[in-house]
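K.L.:
Supplied in structure tokens, the structure appears directly below.
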Amino acid sequence: MRAFRLPRLRKRLWLTIGALAAAELIAIILLVPLHPLLAAAAGASGTLAAGFVIDRRIGRPLVATERGAGIIATTNPGHRLEVRGRHWLGRLPETVEQLGGAVARSRRELEEAAAAWTTRIEARKARLETILREIREGVLVCGPDGRINLYNRTARELLSAEPALGLGRNINEVLNEGPLRHTLRLLEPREGGTDAPADAELVCATASGERLLRCRVARLATDDPDTAGFVMTLQDVSRQTRSALRREQRLREAVEALRNPLTSLNTASETLRLAQEAGLTEDATRFSGMISEETHRLTEGFKALSTETMSVVTDNWRLEDVHLGSLVDGIKQTGDSAALPRIQCRADVWVSAEPYLLSQVVEALLARLVTELDVSAVALSGREEGSLVYLEMNWSGDVIAPDQLDEWLDAGLEDVGGTVTLREVLQRHDTTAWSQPDLSRTGRALLRLPLPGAPEKVRTTEIVPARPEFYDFAVEDSEPVRPLGAEAEASLASLDYVVFDCETTGLAPSQGDEIVSIGAVRIHRGRVMHGETFELLANPGRPIPALATSIHGISDEDIADAPPVEEVVRRFHAYAGDAVLVGFNIAFDMRFLRLKQRRCGVRFDNPTLDALLLSILLHDHTGEHTMESVADRLGVGVGGRHTALGDSLTTAEIFTRLIELLPGESITTLSEAIAAQERMVEFRRQQRAF
Amino acid sequence: MYKNILLVDHESNLATALQFLLGHAGFNVTLAGTYAEAEAAVETMRPDLALIDANLPDRSGYDLCQALLARPGLQHLPVLMLTTRSLEVEREKALSLGATDFVVKPFDPAGMLVRVQELLREAA
Chain A
1 MRAFRLPRLR KRLWLTIGAL AAAELIAIIL LVPLHPLLAA AAGASGTLAA
51 GFVIDRRIGR PLVATERGAG IIATTNPGHR LEVRGRHWLG RLPETVEQLG
101 GAVARSRREL EEAAAAWTTR IEARKARLET ILREIREGVL VCGPDGRINL
151 YNRTARELLS AEPALGLGRN INEVLNEGPL RHTLRLLEPR EGGTDAPADA
201 ELVCATASGE RLLRCRVARL ATDDPDTAGF VMTLQDVSRQ TRSALRREQR
251 LREAVEALRN PLTSLNTASE TLRLAQEAGL TEDATRFSGM ISEETHRLTE
301 GFKALSTETM SVVTDNWRLE DVHLGSLVDG IKQTGDSAAL PRIQCRADVW
351 VSAEPYLLSQ VVEALLARLV TELDVSAVAL SGREEGSLVY LEMNWSGDVI
401 APDQLDEWLD AGLEDVGGTV TLREVLQRHD TTAWSQPDLS RTGRALLRLP
451 LPGAPEKVRT TEIVPARPEF YDFAVEDSEP VRPLGAEAEA SLASLDYVVF
501 DCETTGLAPS QGDEIVSIGA VRIHRGRVMH GETFELLANP GRPIPALATS
551 IHGISDEDIA DAPPVEEVVR RFHAYAGDAV LVGFNIAFDM RFLRLKQRRC
601 GVRFDNPTLD ALLLSILLHD HTGEHTMESV ADRLGVGVGG RHTALGDSLT
651 TAEIFTRLIE LLPGESITTL SEAIAAQERM VEFRRQQRAF
Chain B
1 MYKNILLVDH ESNLATALQF LLGHAGFNVT LAGTYAEAEA AVETMRPDLA
51 LIDANLPDRS GYDLCQALLA RPGLQHLPVL MLTTRSLEVE REKALSLGAT
101 DFVVKPFDPA GMLVRVQELL REAA
């Protein structure tokens with residue numbers, strides 16, 4: 001028969017209690033008859049000593065184990081329990097850690113199982129993303145309340161001057177509100193069964209007024225209120241509108257400039273007649289000279305008007321910035337390969353052209369080279385010369401005779417029903433084409449076609465990451481954001497946050513220390529939006545002390561051309577909007593911002609949450625709460641420490657993990673989190689007082 | 001008695017030809033090319049009618065119109081504004097600012113002469 005054995009923890013507990021009971025018994029027997037008070041004191045001391053031992057060996061290790069188990073269960077299965085010193089918990093901490101390992105393994109298996117599905121979903125998502133990325137127009141998808149759920153690269157580029165652009169932000173913060181509101185009303189379902197139009201067009205300015213956009217808006221037809229809303233395409237018409245206005249002005253001036261010489265001419269003619277009738281020869285000569293002079297002025301005025309009239313014809317064409325190499329690639333892919341020569345293309349240049357018609361012209365000329373000159377291969381290149389880009393076709397063989405080329409150019413383009421000739425397309429690009437021998441290589445010929453260049457074109461690939469995260473389909477599936485009025489009672493996971501950090505010249509803003517950099521990132525429905533960051537250097541208007549530079553690496557040289565602090569604070573205010581502000585020891589950063597707000601004409605009255613205080617609240621078993629130690633505890637990698645954006649990103653990752661742990665403390669809403677944070681502030685204040 | 005006409009226009013050929021035309025019809029014409037010259041001219045002559053170009057090089061012709069009408073004894077001066085702008089609102093503007101009539105360039109010189117004579121008759 002197996003002997004009954006108590007587990008070690010219970011054995012130690014009973015031994016402690018037994019020792020305490022024995023000591024109290026002895027004290028009562030020996031001391032009560034002699035000195036009752038001494039006996040009572042000895043009893044109490046014994047109880048306290050036993051309690052102390054139990055707390056050190058059981059209580060504290062148990063709390064650390066409980067906190068650690070929470071972290072393992074929710075965010076970091078690899079977390080090592082912070083149980084320090086000797087304890088009586090036996091193998092409990094190791095068992096919990098082993099449990100964490102098992103949880104991690106289960107999670108891995110689950111992730112592997114999900115991976116197969118994710119791959120398929122990702123492939124579809126990638127296809128959609130590619131379509132969105134390649135759409136030339138900007139695309140924005142908004143919820144019924146106007147909050148932005150999705151936008152593509154072109155939209156981001158078009159709205160690059162709008163700091164409020166971001167997932168979850170309201171479209172009214174990005175575009176001028178009036179025209180859009182009016183258009184959406186037009187699209188609302190109507191009473192009485194009359195169908196509302198499927199879509200509508202409007203022209204409106206961006207909130208900053210930097211661009212004028214032509215937008216097409218369509219309501220998303222869905223019965224599900226969560227996926228209802230509207231989709232917009234955006235097209236920049238600032239340049240066209242500005243040039244149309246300038247053109248109108250020039251035309252008006254040109255017409256008005258004709259009126260004075262015409263009036264003088266009329267009057268001088270009349271006076272000449274009168275002078276001749278009166279026999280005033282001298283006056284007649286004078287007025288005759290006047291007539292010649294005014295006729296000359298009129299001729300000059302007519303020329304100016306004529307030029308303006310021509311520009312009206314060409315400007316009305318929808319010329320766009322077109323990448324010549326891409327245009328030729330398009331011809332190679334979509335053209336009739338049997339009718340085209342082999343094409344070798346080197347044309348990494350941009351032209352201002354009507355893309356479809358120009359591609360038709362190039363394709364038609366290439367086809368003619370095959371059919372009429374028996375050319376089998378053409379080297380096609382684009383070369384910038386001043387404001388023009390020369391598209392050159394180069395082949396082995398004869399030049400095209402001028403008459404023959406004229407015939408080609410006067411033929412209609414088949415794809416536009418033959419109504420437009422190649423020459424007309426070229427004329428409307430203010431150009432023509434000619435053929436000449438290639439002087440650098442004997443036996444080869446060229447066809448040269450100059451086109452207006454697009455020198456201001458910025459290659460979008462240079463400014464946008466290859467696979468940005470700003471169109472994340474997952475956010476569409478999340479719960480809709482509650483109205484701002486209900487913000488206090490909204491669940492923490494559903495709120496929008498802006499996590500930010502300031503680098504400064506020192507620690508005392510009231511004594512003149514200033515901000516030198518602000519970095520920030522948005523959190524939208526629990527996701528850190530790496531594609532929607534804010535990072536600006538600020539000129540503090542005073543030297544940066546060497547000590548500060550040694551911490552954040554920002555020197556006087558770096559900020560020499562940076563905007564002033566006030567401008568940077570204003571732009572950050574626009575970026576932050578009405579989101580909850582989050583920081584690591586946020587009081588420090590808020591103090592800098594709030595001291596600036598009056599001079600900047602803004603107000604930072606957003607609710608704030610502090611990742612540092614929340615960490616202390618959740619993990620009171622340890623005193624380690626530096627950014628590095630908190631990040632390590634929660635399994636967050638630390639990057640770019642002591643840069644405003646680097647610290648913001650680390651804090652954002654920490655914060656998303658902290659809000660996952662808060663429900664364990666019965667904190668699920670913003671008001672509960674703020675109240676808990678205030679309790680922590682009070683507690684820390686009292687601690688400091690002692 | 002000859003009627004005095006103040007002609008204010010910086011288009012020198014037009015001004016010279018109009019001066020000849022109006023002089024030939026029996027008017028005494030004083031020429032001014034700018035607002036300042038016109039102001040100086042009325043110090044030494046009292047116009048019975050003013051022809052003013054709306055776009056003077058130094059100030060607006062409408063300013064001159066109002067300044068002349070504000071002078072003692074000139075409150076009822078007939079003012080004919082000449083302009084290169086053909087918008088309908090320009091006529092409204094001219095009449096609102098005190099001009100008696102408004103002519104868009106280019107105009108028929110004979111018709112202009114008839115209009116001047118009419119305005120002087122109405123003013124009398």
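Going down the list, the sequences are from chains A and B. Going letter by letter, the first sequence gives residues 1 to 690 in full-length UniProt numbering. Going letter by letter, the second sequence gives residues 1 to 124 in full-length UniProt numbering. Note that the Cβ used here is the ideal one computed from N, Cα and C, for glycine as well. Bear in mind the structure is a predicted one, so any value in this text is a computation, not a measurement.
(1) Between the Cα of residue 671 of chain A and those of A:495, A:214, A:215, spot the shortest distance and give me the residue it belongs to.
(2) So what's residue 630 of chain A in DSSP terms, helix, strand or just coil?
(3) Could you tell me whether the Cβ of residue 299 of chain A comes closer than 9 Å to any Cβ of chain B?
(4) Quick one: list the residues of chain A neighbouring residue 84 of chain B, beta-carbon separation under 7 Å, in chain order.
(5) Is residue 246 of chain A near the ligand NAD - that is, is its Cβ less than 8 Å away from at least one heavy atom of it?
(6) Residues in the segment 560–587 of chain A with C-beta within 8 Å of chain B's C-beta atoms, listed in sequence order?
(7) Identify the contact partners of residue 102 of chain B in chain A, using a Cβ-Cβ distance below 9 Å as the criterion.
(8) For the segment 2–19 of chain B, which residues have a CB atom closer than 8 Å to at least one CB atom of chain A, in sequence order?
(9) If you draw a straight line from the C-alpha of residue 72 of chain A to the C-alpha of residue 99 of chain A, how long is it?
(10) Can you name the residues of chain A whose CB is closer than 8 Å to the CB of residue 108 of chain B?
(11) Taking the alpha carbon of residue 132 of chain A as the point to measure from, which residue in A:492, A:151, A:121, A:203 has its own alpha carbon closest?
(12) Roughly how many angstroms lie between the CA atoms of residue 46 of chain B and residue 279 of chain A, to the nearest whole one?
(13) On the three-state DSSP scale, how would you describe residue 230 of chain A?
(14) Report the neighbours of residue 21 of chain B on chain A: residues whose CB is nearer than 8 Å to its CB, in chain order.
(15) Determine the burial state of residue 619 of chain A: buried for a count of at least 16 other Cβ atoms within 10 Å of its Cβ, exposed for fewer.
(16) For residue 296 of chain A, which of helix, strand or coil comes out of DSSP?
(17) Write down the C-beta distance between residue 17 of chain B and residue 7 of chain B rounded to the nearest angstrom, noting that I regard them as a contact closer than 8 Å.
(18) Using the beta-carbon count (16 or more within 10 Å), is residue 511 of chain A buried or exposed?
(19) Helix, strand or coil for residue 679 of chain A, going by three-state DSSP, please let me know.
(20) Excluding the 5 residues preceding and the 5 following residue 155 of chain A in the sequence, name in chain order all residues of the same chain whose CB lies nearer than 7 Å to its CB.
(21) Just checking: is the beta-carbon of residue 164 of chain A within a distance shorter than 9 Å of some beta-carbon in chain B?
(22) Run through chain B and tell me which residues come within less than 8 Å of residue 290 of chain A, C-beta to C-beta.
(23) Tell me whether residue 467 of chain A is buried or exposed, calling it buried when 16 or more other Cβ atoms sit within 10 Å of its Cβ.
(24) To which residues of the same chain is residue 24 of chain B closer than 7 Å at the C-beta, ignoring the five residues directly before and after it?
(25) So residue 615 of chain A is in the alpha helix (DSSP H); what residue range does that whole segment cover?
(26) Hey, residue 20 of chain B and residue 3 of chain B are a contact pair by Cβ (cut 8 Å); roughly how many whole angstroms apart?
(27) Using a Cβ cut-off of 7 Å, pull out every chain B residue sitting near residue 287 of chain A, in sequence order please.
(28) List, in chain order, every chain B residue whose beta-carbon is nearer than 7 Å to that of residue 263 of chain A.
(29) DSSP state of residue 13 of chain B, grouped into three classes?
(30) Compare the C-beta of residue 24 of chain B against all C-beta atoms of chain A and say whether one is closer than 9 Å.
(31) How about residue 617 of chain A and residue 660 of chain A: do their beta carbons lie closer than 9 Å?
(32) Between the alpha carbons of residue 22 of chain B and residue 253 of chain A, how many angstroms are there, rounded?
(33) Residue 681 of chain A to residue 216 of chain A, Cα distance in whole Å?
(34) For residue 17 of chain A and residue 523 of chain A, what's the separation of their Cα atoms in angstroms?
(35) Could you tell me the alpha carbon to alpha carbon distance between residue 146 of chain A and residue 93 of chain A, rounded to whole angstroms?
P.N.:
On the basis of the data shown:
(1) Residue 671 of chain A sits at position 671 when you count from the first residue of the first sequence. Selected option, being the one with the closest Cα: A:495.
(2) Along the first sequence, read from residue 1 onward, the residue named residue 630 of chain A stands at position 630. DSSP places residue 630 of chain A in helix when its eight states are reduced to three.
(3) Taking the first sequence and counting its residues from 1, one reaches residue 299 of chain A at position 299. Cβ-Cβ to chain B under 9 Å: no for residue 299 of chain A.
(4) In the second sequence, residue 84 of chain B corresponds to position 84, counting from 1. The contacting residues are 256, 259, 260.
(5) Annotation note on the ligand NAD: not contained in the displayed structure, which lists no ligands.
(6) none
(7) The residue labelled residue 102 of chain B in the question sits at position 102 within the second sequence. Going along chain A, no residue has its Cβ under 9 Å from residue 102 of chain B, so there is no contact; the nearest lies around 14 Å.
(8) 11, 13, 14, 16, 17, 18
(9) Within the first sequence, the letter at position 72 stands for residue 72 of chain A. Within the first sequence, the letter at position 99 stands for residue 99 of chain A. Whole-angstrom Cα-Cα distance: 9 Å.
(10) Start at 1 with the first residue of the second sequence, and residue 108 of chain B comes out as number 108. The contacting residues are 266.
(11) Stepping through the first sequence from its first residue, residue 132 of chain A is reached at position 132. Measuring from the Cα of residue 132 of chain A, the nearest candidate turns out to be A:151.
(12) In the second sequence, counting from the first residue as 1, residue 46 of chain B sits at position 46. In the first sequence, counting from the first residue as 1, residue 279 of chain A sits at position 279. Between residue 46 of chain B and residue 279 of chain A, the C-alpha separation is close to 32 Å.
(13) Here residue 230 of chain A is taken as the residue at index 230 of the first sequence, counted from 1. Three-state DSSP puts residue 230 of chain A in a strand.
(14) Reading the second sequence from its first residue, position 21 is the one you call residue 21 of chain B. Chain A residues near residue 21 of chain B: 267, 270, 271, 274.
(15) Locating residue 619 of chain A in the first sequence gives position 619, counting from the first residue. It counts as buried.
(16) Start at 1 with the first residue of the first sequence, and residue 296 of chain A comes out as number 296. Three-state DSSP puts residue 296 of chain A in a helix.
(17) Taking the first residue of the second sequence as 1, we reach residue 17 of chain B at position 17. Taking the first residue of the second sequence as 1, we reach residue 7 of chain B at position 7. About 11 Å; that fails the 8 Å criterion.
(18) To locate residue 511 of chain A, count along the first sequence from 1; it is residue 511. Answer is exposed; the Cβ neighbour count stays below 16.
(19) In the first sequence, the residue the question calls residue 679 of chain A occupies position 679. Note: residue 679 of chain A maps to helix in three-state DSSP.
(20) Residue mapping note: residue 155 of chain A aligns to position 155 of the first sequence, counting from 1. Cβ neighbours of residue 155 of chain A beyond the five flanking positions: 138, 139, 140, 234.
(21) As a first step, residue 164 of chain A must be located in the first sequence, where it is residue number 164. Not an interface residue.
(22) What you label residue 290 of chain A is simply residue 290 of the first sequence in a count that begins at 1. Simply 13, 16, 17.
(23) Sequence index remark: in the first sequence, residue 467 of chain A carries index 467 (1-based). Annotation note: pLDDT 30 at residue 467 of chain A (below 50); position unreliable, no value reported.
(24) Taking the first residue of the second sequence as 1, we reach residue 24 of chain B at position 24. Taken in chain order, the list of residues that qualify is empty.
(25) Residue 615 of chain A sits at position 615 when you count from the first residue of the first sequence. Residues 611–618.
(26) One-based indexing of the second sequence puts residue 20 of chain B at position 20. One-based indexing of the second sequence puts residue 3 of chain B at position 3. The pair is not a contact, with the Cβ atoms about 16 Å apart (cut-off 8 Å).
(27) Here residue 287 of chain A corresponds to residue number 287 of the first sequence, with the count starting at 1. Result: 17.
(28) Sequence index remark: in the first sequence, residue 263 of chain A carries index 263 (1-based). Those are 14, 105, 106, 107, listed as they occur along chain B.
(29) Along the second sequence, one-based indexing puts residue 13 of chain B at 13. It is helical.
(30) Here residue 24 of chain B is taken as the residue at index 24 of the second sequence, counted from 1. Yes, its Cβ sits closer than 9 Å to a Cβ of chain A.
(31) Within the first sequence, the letter at position 617 stands for residue 617 of chain A. Within the first sequence, the letter at position 660 stands for residue 660 of chain A. In this structure, residue 660 of chain A does not lie closer than 9 Å to residue 617 of chain A by Cβ.
(32) Taking the first residue of the second sequence as position 1, residue 22 of chain B is located at position 22. Taking the first residue of the first sequence as position 1, residue 253 of chain A is located at position 253. Distance between the alpha carbons of residue 22 of chain B and residue 253 of chain A is about 29 Å.
(33) As a working note, residue 681 of chain A is residue 681 in the first sequence. As a working note, residue 216 of chain A is residue 216 in the first sequence. Taking the straight line joining both Cα atoms gives about 51 Å.
(34) As a position in the first sequence, residue 17 of chain A is number 17, starting the count at 1. As a position in the first sequence, residue 523 of chain A is number 523, starting the count at 1. Taking the straight line joining both Cα atoms gives about 53 Å.
(35) Here residue 146 of chain A refers to the residue found at position 146 of the first sequence. Here residue 93 of chain A refers to the residue found at position 93 of the first sequence. When rounded, the distance between both Cα atoms is 50 Å.
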